[in-house]
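Asks: Take this structure first; my questions come after.
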Amino acid sequence: MILAVSDLQNPSFPAGGYRGRFAPSPTGPLHAGSLVAALGSWLDARYHSGKWLLRIEDLDTPRCIPGADQEILQQLLSCGLQWDETVTWQSQGQERYEKALERLNGLLCLYPCTCSRQKITNALAALGIEPIRNQEQVYPSTCRPPVIGQYSDLQNLDLKQSWRLALPSTCQINFVDLALGPQNQNICEQVGDFVLRRSDGLFSYQLAVVVDDAEQKISHIVRGQDLLSNTGRQIHLQEVLSYPRPQYLHLPLVLDEHGEKLSKQTLASKINTQDDKQSLTELRKAGAYLGLVDLPTGENISIAEWLLAATQAWGARIKHKSSPL
Ligand code: GLU
Ligand code: ZN
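In case it helps, my numbering puts the sequence shown at residues 6 to 330.
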């Protein structure tokens with residue numbers, strides 16, 4: 006099957022060209038759900054003749070499993086999902102997160118917090134707010150000073166304090182998701198001042214992902230819908246740091262037979278990539294979750310051929326209904 010270059014080109018790129026990424030946390034090997042995110046982001050990048058970067062998000066070291074990063078790389082290659090440019094590991098880039106934190110300090114929108122989870126629960130209870138299961142607690146600004154100054158002890162980890170971003174009094178974020186349409190999130194009501202550096206010194210996912218997406222000039226973020234609720238926080242942080250806003254596309258979640266999201270926490274089993282046949286079976290399942298129909302079903306088709314057909318199917322849907330899903 007030959008794909009004409011003109012079929013793959015879409016004029017709506019940002020100036021630097023399409024740059025997408027897949028950013029797994031190495032808390033275990035890829036499972037069916039993470040393969041959907043990998044495949045969806047890869048297809049979107051390939052259809053747009055863009056770059057697809059691979060970033061290992063290994064900042065939350067207590068949750069990382071040694072060797073899982075290498076296994077993920079291997080699984081992606083077995084599925085024919087080749088990345089462009091050098092793989093990056095967040096654990097190797099602490100200075101850039103420190104610099105961003107220093108900038109926020111200079112912008113007077115950072116303050117230290119010594120609240121434990123229990124103290125936050127108690128403070129909320131005193132306000133008549135009971136915790137809701139599986140839902141993050143909205144930080145009630147307990148430690149927020151009336152006027153925020155600049156701090157000189159930002160790098161003093163002995164103080165065992167976390168650092169939170171001070172939100173403006175209203176923080177309503179609107180964006181158009183390329184799959185889900187218009188979204189709005191009220192960060193003050195839904196999250197409150199959120200943590201950028203934890204009391205154990207680890208940088209938060211929110212800070213690291215925003216800094217890296219900007220440094221790597223990511224134009225399109227294609228990822229699972231489980232991350233949708235983080236997007237408002239990330240867009241706000243981009244605005245405070247004067248970073249450009251990428252486009253977002255959140256993919257459908259893969260649910261298990263109990264209707265729960267597949268994740269390492271629910272012990273989702275890893276995809277089977279022991280040979281090409283198994284890898285193709287996994288890709289076909291992931292493609293079906295993405296709603297890709299009419300793809301070649303034959304036994305003798307190669308992974309490369311299947312991926313090319315999937316890229317065309319993805320692109321055809323963007324052309325016909327301006328969304329791949
Ligand atoms: N590292 C995150 C995860 O594995 C994904 C980050 C992202 O795509 O923004 O859940
Ligand atoms: Zn606090």
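Virtual Cβ for every residue (Gly too), placed ideally from N, Cα, C.
The structure presented is a predicted model; accordingly, all values stated were derived computationally and were not measured.
1. Between G85, D280, Q190, V181, which has its C-alpha nearest W311's C-alpha?
2. Ordered along the chain, which non-local residues of its own chain (more than five positions away) have a Cβ less than 8 Å from that of A273?
3. Would you say A315 and L82 are within 7 Å of each other, going by their C-beta atoms?
4. Taking the CB atoms as reference points, tell me whether G229 and V143 lie closer together than 7 Å.
5. Rounded C-beta distance between L330 and I308? I'm assuming under 8 Å.
6. Mind checking whether K222 and R26 have CB atoms under 7 Å apart?
7. So L256 is in the beta strand (DSSP E); what residue range does that whole segment cover?
8. Does the segment 236-256 come into contact with the segment 182-201, if we say contact requires no fewer than three beta-carbon pairs (one atom in each stretch) closer than 8 Å?
9. For T147, which of K165, L106, C120 has the nearest alpha-carbon?
10. Take every Cβ of the segment 203-213, pair it with every Cβ of the segment 159-173, and state whether three or more of those distances are shorter than 8 Å.
11. What do you reckon, are the CB atoms on A184 and L254 nearer than 7 Å?
12. Please list, following the chain, all residues that have a C-beta closer than 6 Å to any non-hydrogen atom of the ligand GLU.
13. Note down the Cα distance separating Q79 from I137, rounded to an integer number of angstroms.
14. Say whether the segment 292-309 touches the segment 52-64, bearing in mind that this needs 3 or more beta-carbon pairs closer than 8 Å, one atom from each stretch.
15. Look at the alpha carbon of W123 and the alpha carbon of L132, and state the distance between them as a whole number of angstroms.
16. Is C2 near the ligand ZN, with its Cβ less than 6 Å from a heavy atom?
17. How would you write the range of the beta strand (DSSP E) that G85 sits in, first residue to last?
18. My output table needs one value for Y116: the three-state DSSP class, helix, strand or coil.
19. Quick one: what does DSSP say L59 is sitting in, helix, strand or coil?
Replies: Working from what's here:
1. By one-based count along the sequence shown, residue 311 stands at place 306. It is G85 whose Cα lies nearest to the Cα of W311.
2. Counting from 1 along the sequence shown, the entry for residue 273 is found at position 268. Hits under 8 Å: H36, A37, G38, D261, L267.
3. For the purposes of this step, residue 315 is taken as residue 310 along the sequence shown, with counting starting at 1. For the purposes of this step, residue 82 is taken as residue 77 along the sequence shown, with counting starting at 1. Contact: no.
4. The residue given as residue 229 occupies position 224 in the sequence shown. The residue given as residue 143 occupies position 138 in the sequence shown. A distance of 7 Å or more separates the beta carbons of G229 and V143.
5. Sequence index remark: in the sequence shown, residue 330 carries index 325 (1-based). Sequence index remark: in the sequence shown, residue 308 carries index 303 (1-based). Wrong, their Cβ atoms sit about 23 Å apart, outside the cutoff.
6. Start at 1 with the first residue of the sequence shown, and residue 222 comes out as number 217. Start at 1 with the first residue of the sequence shown, and residue 26 comes out as number 21. It is not a contact, given that the beta carbons lie outside the stated cut-off.
7. In the sequence shown, counting from the first residue as 1, residue 256 sits at position 251. Its beta strand (DSSP E) spans residues 252-256.
8. In short, these stretches touch, since the Cβ pair count reaches three.
9. Residue 147 sits at position 142 when you count from the first residue of the sequence shown. Taking only the C-alpha atoms, the option nearest T147 is C120.
10. The segment 203-213, when compared against the segment 159-173, does touch it at the 8 Å Cβ threshold.
11. Along the sequence shown, read from residue 1 onward, the residue named residue 184 stands at position 179. Along the sequence shown, read from residue 1 onward, the residue named residue 254 stands at position 249. It is a contact, given that the beta carbons lie within the stated cut-off.
12. Here the list is A28, P29, S30, E62, V214, R228, L232.
13. Locating residue 79 in the sequence shown gives position 74, counting from the first residue. Locating residue 137 in the sequence shown gives position 132, counting from the first residue. Separation of Q79 and I137 (C-alpha to C-alpha, rounded to the nearest whole angstrom) is 39 Å.
14. no
15. Counting from one through the sequence shown, the residue named residue 123 turns up at place 118. Counting from one through the sequence shown, the residue named residue 132 turns up at place 127. For the record, residue 123 in the displayed sequence is Gln; it is not Trp. Going from the Cα of Q123 to the Cα of L132 covers about 14 Å.
16. Outside the modelled stretch of the chain, which goes from 6 to 330, sits residue 2, for which no answer is possible.
17. Along the sequence shown, read from residue 1 onward, the residue named residue 85 stands at position 80. Looking at the DSSP string, G85 is not in any beta strand (DSSP E), and its letter there is neither H nor E.
18. Position 111 of the sequence shown, counted from the start, is the residue given in the question as residue 116. Strand.
19. Looking up residue 59 in the sequence shown gives position 54. In this structure, L59 counts as strand in the three-state DSSP scheme.
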